[in-house]
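*Asks:* First the structure, then my questions, so here it is.
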Ligand code: NAP
């Protein structure tokens, strides 16, 4: 029986590991991906994590991992398929049939990319439709791509793709962008990036692979030729395991404030999975620390 079982090895989970180690607790981190570091690997450059201006997302994730490893973190590879409350804590079932028991759980499973839900999206997934510019951008060298969305991810993706693609369109449903001002300025200053505002995607079209996208701009239906569509319209919290276990809001986020305490006894939520205003690496890392303090308090009581 562990004191704390940390689910997820993104910034929230790895920060929780550092704090759990420093608190002298028995703990482990369960991760689905070998040597995982969470969604941060999908960000080319991070300019707003204190002390690491301009660092690559992959490198920052590696540093988090090295830190947790240096403090003796045990990693368990596996996908959590079920969580259940026992008399003494929590039982965590893994997809390989094994299970582990712990007095408390820190739930830090992050989020997954949201889909557009339009025709052609599923059909051309992996054949021109992508949710990860860093993973798939190289396939579009010298080609035209469209990025859908107006947030930090969309603009970061567009900037990344602009280095190799010939032309990058940013199709956004409103006239105002949600992304931070410095990303907007960089994108505006990049010659081969063109904004397509007030435009709602209708259908992704193609044959063997994507050839274009149909959208409406201010009510008028239009077609754009493009070789690739990068969907960057936000993410959905990975909280399906908690249905009926902890209170979630209407968008599926675990209801918890910065002390990370959830409605379920001994279950703490850290990072992008919980209700919060600012979803950033730095706030996820802060949650990891707070969740361990709350878990320790719970164990001591
Ligand atoms: P986001 O901020 O939620 O932005 C999603 C964008 O997609 C919005 O512009 C939204 O339009 C648009 N959108 C949503 N659903 C759509 C649909 N069905 N059709 C067309 N457009 C749709 O998501 P994100 O950009 O992935 O960022 C998530 C969080 O991670 C944010 O807190 C962000 O700051 C953070 N992040 C930080 C960094 C960094 O610091 N380097 C990098 C990436 C992400 P509306 O604007 O009209 O709602």
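Residue numbers (the numbering used here): 65 to 365.
C-beta atoms are modelled at their ideal positions from N, C-alpha and C, and glycine is treated no differently.
Is the beta carbon of residue 333 sitting closer than 8 Å to the one on residue 324?
*Replies:* For residue 333 and residue 324, yes; Cβs fall inside 8 Å.
*Asks:* How many Å lie between residue 88 and residue 124 at the Cα?
*Replies:* Straight-line Cα distance between these residues: approximately 25 Å.
*Asks:* Run the CB neighbour count on residue 341, radius 10 Å, all protein chains shown included, and call it buried at 16 or more, exposed below.
*Replies:* Exposed, by the Cβ-count rule.
*Asks:* Among the residues of its own chain, which have a CB less than 7 Å from the CB of residue 174, if the five just before and after it don't count?
*Replies:* Same-chain partners within the cutoff: 72, 74, 102, 103, 302, 335, 336, 337.
*Asks:* In terms of residues, what are the limits of the alpha helix (DSSP H) holding residue 117?
*Replies:* From DSSP, residue 117 is part of no alpha helix (DSSP H); its letter is neither H nor E.
*Asks:* Taking the beta carbon of residue 99 as the centre, do at least 16 other beta carbons fall within 10 Å, making it buried, or is it exposed?
*Replies:* Burial call: exposed.
*Asks:* In whole angstroms, what separates the C-alpha of residue 236 from that of residue 353?
*Replies:* Near 36 Å, if we compare the C-alpha coordinates of residue 353 and residue 236.
*Asks:* Quick one: residues in its chain with C-beta nearer than 7 Å to the C-beta of residue 224, no 5 flanking neighbours on either side, listed in chain order?
*Replies:* Result list for residue 224: 108, 197, 198, 201, in chain order.
*Asks:* According to DSSP, which residues form a beta bridge with residue 287?
*Replies:* Residue 287 pairs with 278.
*Asks:* At what residues does the alpha helix (DSSP H) containing residue 75 begin and finish?
*Replies:* First-last of the alpha helix (DSSP H) with residue 75: 75-86.
*Asks:* Pick helix, strand or coil for residue 173, following the three-state DSSP scheme.
*Replies:* Coil.
*Asks:* Would you say the beta carbon of residue 351 comes nearer than 7 Å to a heavy atom of the ligand NAP?
*Replies:* False, no ligand heavy atom lies under 7 Å from that Cβ.
*Asks:* Should the stretch 265-279 be regarded as contacting the stretch 179-191, the criterion being three or more beta carbon pairs within less than 8 Å?
*Replies:* Output reads yes: the stretch 179-191 touches the stretch 265-279.
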